[in-house]
Amino acid sequence: MSHTTAHRAPLVARLRRIRGQVEGLERALEGGATCSAVLQQAAAVRGAVNGLMAELIEDHLHNHVADPALSAEARAEGAAELVDIIRRYGR
Numbered sequence: 003m004s005h006t007t008a009h010r011a012p013l014v015a016r017l018r019r020i021r022g023q024v025e026g027l028e029r030a031l032e033g034g035a036t037c038s039a040v041l042q043q044a045a046a047v048r049g050a051v052n053g054l055m056a057e058l059i060e061d062h063l064h065n066h067v068a069d070p071a072l073s074a075e076a077r078a079e080g081a082a083e084l085v086d087i088i089r090r091y092g093r
């Protein structure tokens with residue numbers, strides 16, 4: 003997705019925060035944190051990944067489906083890619 007290049011810095015920063023959350027989850031598990039603390043951390047990681055995914059899907063939609071400058075063929079391809087990703091994401 004070429005449009006991610008324009009937004010690379012914020013996306014990388016977001017991924018680094020997610021990595022920090024995952025590492026925190028690992029530390030919680032290794033350190034014998036309470037079940038509640040581990041579940042809260044896991045929920046935070048999932049929420050962060052879901053937020054990233056929503057942003058990427060929205061960007062794809064705007065740049066590869068809804069852009070009026072695109073040909074009908076390009077829009078159809080962008081829509082098909084999006085459907086495929088959403089199906090995988092929902093598993």
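The opening position of the sequence shown corresponds to residue 3 in the numbering used here, with each subsequent residue numbered one higher. Glycine residues also receive a C-beta, built at the ideal position from the N, C-alpha and C atoms.
Ser38 lies in the alpha helix (DSSP H); which residues open and close that run? Here residue 38 refers to the residue found at position 36 when the sequence shown is read from its first residue. Run containing Ser38: 37-66, per the alpha helix (DSSP H) assignment.
Does the Cβ-Cβ distance between Leu27 and Val47 come in under 7 Å? Position 25 of the sequence shown holds residue 27. Position 45 of the sequence shown holds residue 47. Closer than 7 Å, so yes.
Cβ neighbour criterion (16 or more within 10 Å) applied to Gly80: Residue mapping note: residue 80 aligns to position 78 of the sequence shown, counting from 1. Buried is the call here.
Let me check understanding here. Comparing Cα to Cα, which of Gly53, Ala82, Ala56, Ala50 lies closest to Val67? Residue mapping note: residue 67 aligns to position 65 of the sequence shown, counting from 1. For Val67, the nearest C-alpha among the options comes from Ala82.
May I have the straight-line CA-CA distance separating Ala74 from Glu57, to the nearest angstrom? Translated into the one-based positions of the sequence shown, residue 74 becomes position 72. Translated into the one-based positions of the sequence shown, residue 57 becomes position 55. Distance between the alpha carbons of Ala74 and Glu57: 24 Å.
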